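Peer 1:
There are 2 protein chains.
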Amino acid sequence: MKNRVITISREFGSGGHTIGKMVAEKLGIPCYDAEIIQEMAKETGFSPDYVKEAGEYAPGSFLSAAFSNRMFGPTNEDILWERQYRVIIALAEKGPCVIVGRCADYILRDKADCLTVFIHADMKFRAERIVREYGEREQSPEDRLRDKDKRRAAYHRFYTDMKWGYAQNYHLTLDSGVLGIDRCVETICALYR
Amino acid sequence: MKNRVITISREFGSGGHTIGKMVAEKLGIPCYDAEIIQEMAKETGFSPDYVKEAGEYAPGSFLSAAFSNRMFGPTNEDILWERQYRVIIALAEKGPCVIVGRCADYILRDKADCLTVFIHADMKFRAERIVREYGEREQSPEDRLRDKDKRRAAYHRFYTDMKWGYAQNYHLTLDSGVLGIDRCVETICALYR
Chain A
214 MKNRVITISR EFGSGGHTIG KMVAEKLGIP CYDAEIIQEM AKETGFSPDY VKEAGEYAPG
274 SFLSAAFSNR MFGPTNEDIL WERQYRVIIA LAEKGPCVIV GRCADYILRD KADCLTVFIH
334 ADMKFRAERI VREYGEREQS PEDRLRDKDK RRAAYHRFYT DMKWGYAQNY HLTLDSGVLG
394 IDRCVETICA LYR
Chain B
214 MKNRVITISR EFGSGGHTIG KMVAEKLGIP CYDAEIIQEM AKETGFSPDY VKEAGEYAPG
274 SFLSAAFSNR MFGPTNEDIL WERQYRVIIA LAEKGPCVIV GRCADYILRD KADCLTVFIH
334 ADMKFRAERI VREYGEREQS PEDRLRDKDK RRAAYHRFYT DMKWGYAQNY HLTLDSGVLG
394 IDRCVETICA LYR
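Protein sequence lines, in the order shown, are assigned to chains A and B.
Be aware that the first sequence starts at 214, since it is given in the numbering used here, and climbs by one per residue.
Be aware that the second sequence starts at 214, since it is given in the numbering used here, and climbs by one per residue.
Shown next as structure tokens:
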């Protein structure tokens, strides 16, 4: 596989999704994020909402874990991970693209020529951003962020055994709060070319 | 203090020092590294070699620790840290510059407008590089790297309480092994402007 793929891991609220879409548009290549969830939902028969939620919970912590146990064969999470693995490899084989989240950096590590990126920002920037993008919730934005960060780190750790947010795992990490979304997009595009 | 400063933290052998010098040259601003050691040596009366070595050992692990104990006042390391602190702030006050190592990111965090960078690379790239740059030693290059990494992380942790190499601590981190020295220089210069 010789296609160049940009994988974007990101802290919730850091703008990683927006950056991925903008980079893809600028480079004229597709960006996969929700598409992966749709594809997995279609393949497994689970609802897109279920697939989305399960992708943020490490096995054993998701509600369904109460009903699934490895003693009786693969759990729902294991089935989803296996499909995710196959969907991501198939997308990378189709041609150059941007893939946001879903441990694509790990899945493609020996299978595609990747530029692996991690986007982060401080709590204040992200809290303001999620309220603006997703509206208010009963839970404070800071609590929502802490909760999501913890889940993503646990999920990532469980399936990849890599430390979440550790610079050595990525070719490039960017603080979108300090640098701004536009300059993150420019930096990624410049390093991709 | 309004001067823009680029701080470069780096894994041993990753080319962080070379990148710092090249960035400074390209931007037409000074780069401080060995200069800080000379300045500290002059101010404290310690030899430059002693200052250099002490900057990589967390207190208690350096040989001199046997002869210095906080019960009897500040240790040699504490004296050096305090001078390092003052020298770095004075350099940042002089004007825009690049500062390599010496926890400058931490020292200047509320005192200057900084672009904080961390440079890393995998073991293979760094091992080849240190043999090329500094020659063979009795100890294998991999052991030398592990040793230096451990010391820098411990030193950084002791004085700053920040996790070494953790993406969230930096505005930008770059894998010089994958991206190459020249593209690291271009990226830093582009984000500084």
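Note that CB positions come from ideal geometry on N, CA and C, so glycine has one too.
Source: prediction; values computed, not measured.
What does residue 403 (chain B) touch in chain A if you count any residue whose Cβ is under 9 Å from its own?
Peer 2: Those are 396, 399, 400, 403, listed as they occur along chain A.
Peer 1: Report the option in A:328, A:366, A:349, A:341 whose CA atom is closest to the CA atom of residue 218 (chain A).
Peer 2: Among A:328, A:366, A:349, A:341, the Cα nearest to that of residue 218 (chain A) is on A:328.
Peer 1: Looking at the ligand SAH, does it come within less than 6 Å of residue 259 (chain B), judged from the CB to the closest heavy atom?
Peer 2: Although the ligand SAH was asked about, the structure shown includes no ligands whatsoever.
Peer 1: What are the boundary residues of the beta strand (DSSP E) that includes residue 385 (chain B)?
Peer 2: Looking at the DSSP string, the run of the beta strand (DSSP E) that includes residue 385 (chain B) is 385–388.
Peer 1: Using a Cβ cut-off of 7 Å (strictly closer), state whether residue 388 (chain B) contacts chain A.
Peer 2: So yes, residue 388 (chain B) belongs to the interface.
Peer 1: Look at residue 267 (chain B) and residue 290 (chain B) and say whether their C-beta atoms are less than 7 Å apart.
Peer 2: In contact: residue 267 (chain B) and residue 290 (chain B) (Cβ atoms closer than 7 Å).
Peer 1: For a cutoff of 7 Å on Cβ pairs, would you count residue 340 (chain A) as touching chain B?
Peer 2: No, residue 340 (chain A) does not count as interfacial toward chain B.
Peer 1: Between which residues of its own chain and residue 337 (chain B) is the CB-CB distance below 6 Å, once the five residues before and five after are set aside?
Peer 2: Around residue 337 (chain B): no qualifying Cβ.
Peer 1: Mind checking residue 334 (chain A): buried by the 16 CB within 10 Å criterion, or exposed?
Peer 2: Residue 334 (chain A) is buried by the Cβ-count criterion.
Peer 1: Using C-beta distances below 7 Å, list every residue in its chain close to residue 357 (chain B), excluding the 5 sequence neighbours before and after it, in chain order.
Peer 2: Correct list, in chain order: 343, 350.
Peer 1: Measure the C-alpha to C-alpha separation of residue 262 (chain B) and residue 287 (chain B) and round it to an integer number of angstroms.
Peer 2: Their Cα atoms are separated by approximately 20 Å.
Peer 1: Taking buried to mean at least 16 other C-beta atoms within 10 Å of its own C-beta, is residue 222 (chain A) buried or exposed?
Peer 2: Looking at its Cβ environment, which holds 16 or more other Cβ atoms inside 10 Å, residue 222 (chain A) is buried.
Peer 1: Is the number of C-beta pairs between the region 370–379 of chain B and the region 388–395 of chain B that are closer than 8 Å three or more?
Peer 2: No, they do not touch.
Peer 1: Compare the beta carbon distance of residue 246 (chain A) and residue 313 (chain A) with 7 Å and say whether it is the shorter of the two.
Peer 2: Their beta carbons are under 7 Å apart, which means residue 246 (chain A) touches residue 313 (chain A) by this criterion.
Peer 1: Within 10 angstroms of the Cβ of residue 347 (chain A), are there 16 or more other Cβ atoms? Answer buried if so, exposed if not.
Peer 2: So residue 347 (chain A) ends up on the exposed side.
Peer 1: Taking the C-alpha atoms as reference points, what is the distance between residue 252 (chain A) and residue 300 (chain A)?
Peer 2: Each residue's Cα considered, the two are about 7 Å apart.
Peer 1: Can you look up residue 364 (chain B) in the DSSP assignment and give me helix, strand or coil?
Peer 2: Three-state result, residue 364 (chain B): helix.
Peer 1: Hey, out of B:339, B:375, B:359, whose CA is closest to residue 319 (chain B)'s CA?
Peer 2: The shortest Cα separation from residue 319 (chain B) among B:339, B:375, B:359 belongs to B:375.
Peer 1: Should residue 303 (chain B) go down as buried or exposed, given a rule of 16 or more other Cβ atoms within 10 Å for buried?
Peer 2: Answer is exposed; the Cβ neighbour count stays below 16.
Peer 1: Going straight from the alpha carbon of residue 306 (chain B) to that of residue 241 (chain A), what length do you get?
Peer 2: So the alpha carbons of these two residues sit roughly 44 Å apart.
Peer 1: Pick out whichever of B:259, B:341, B:315, B:308 has its Cα sitting closest to the Cα of residue 226 (chain B).
Peer 2: It is B:341.
Peer 1: Residues in the region 355–389 of chain B with C-beta within 8 Å of chain A's C-beta atoms, listed in sequence order?
Peer 2: Listed by position along the chain: 378, 379, 380, 381, 383, 384, 385, 386, 387, 388.
Peer 1: Consider the Cβ of residue 333 (chain A): report whether some Cβ of chain B lies at a distance smaller than 7 Å.
Peer 2: Taking Cβ atoms only, chain B reaches closer than 7 Å to residue 333 (chain A), which makes this a yes.
Peer 1: For residue 333 (chain A), list the residues DSSP reports as bridge partners.
Peer 2: Partner(s): A:388.
Peer 1: Provide the residue span of the alpha helix (DSSP H) that contains residue 217 (chain A), from first to last.
Peer 2: Segment 217–223 is the beta strand (DSSP E) holding residue 217 (chain A); no alpha helix (DSSP H) there.
Peer 1: Are any of the Cβ atoms in chain B nearer than 7 Å to that of residue 344 (chain A)?
Peer 2: Not an interface residue.
Peer 1: Compare the C-alpha of residue 260 (chain A) against each of A:384, A:293, A:367, A:359 and name the closest.
Peer 2: Residue 260 (chain A) has its Cα closest to that of A:293, out of A:384, A:293, A:367, A:359.
Peer 1: Does the beta carbon of residue 236 (chain A) sit closer than 7 Å to a beta carbon anywhere in chain B?
Peer 2: Not closer than 7 Å to any Cβ of chain B, the Cβ of residue 236 (chain A) fails to qualify, so no.
Peer 1: Check for me: the alpha helix (DSSP H) holding residue 394 (chain A) runs from which residue to which?
Peer 2: Taken as a continuous stretch (DSSP letters only), the alpha helix (DSSP H) holding residue 394 (chain A) covers 394–405.
Peer 1: Please report the straight-line C-alpha distance between residue 220 (chain A) and residue 367 (chain A), rounded to a whole angstrom.
Peer 2: Each residue's alpha carbon lies about 19 Å from the other.
Peer 1: Is there at least one Cβ from chain A nearer than 7 Å to residue 300 (chain B)'s Cβ?
Peer 2: Closer than 7 Å: no.
Peer 1: Between the Cα of residue 399 (chain B) and those of A:404, A:396, A:398, A:397, spot the shortest distance and give me the residue it belongs to.
Peer 2: Checking every option, the nearest Cα to that of residue 399 (chain B) belongs to A:404.
Peer 1: Quick one: residues in its chain with C-beta nearer than 8 Å to the C-beta of residue 383 (chain A), no 5 flanking neighbours on either side, listed in chain order?
Peer 2: Excluding residues within five positions, the ones whose Cβ falls inside 8 Å are 222, 318, 329, 330, 331.
Peer 1: When burial is assigned at 16 or more other CB atoms within 10 Å of the CB, is residue 258 (chain B) buried or exposed?
Peer 2: By the neighbour-count rule (16 or more Cβ atoms within 10 Å), residue 258 (chain B) is not buried but exposed.
Peer 1: Counting only the same chain and skipping the five closest in sequence on each side, list residues whose C-beta sits under 7 Å from that of residue 373 (chain B).
Peer 2: Excluding residues within five positions, the ones whose Cβ falls inside 7 Å are 316, 319.
Peer 1: Does DSSP classify residue 242 (chain A) as helix, strand or coil?
Peer 2: Coil.
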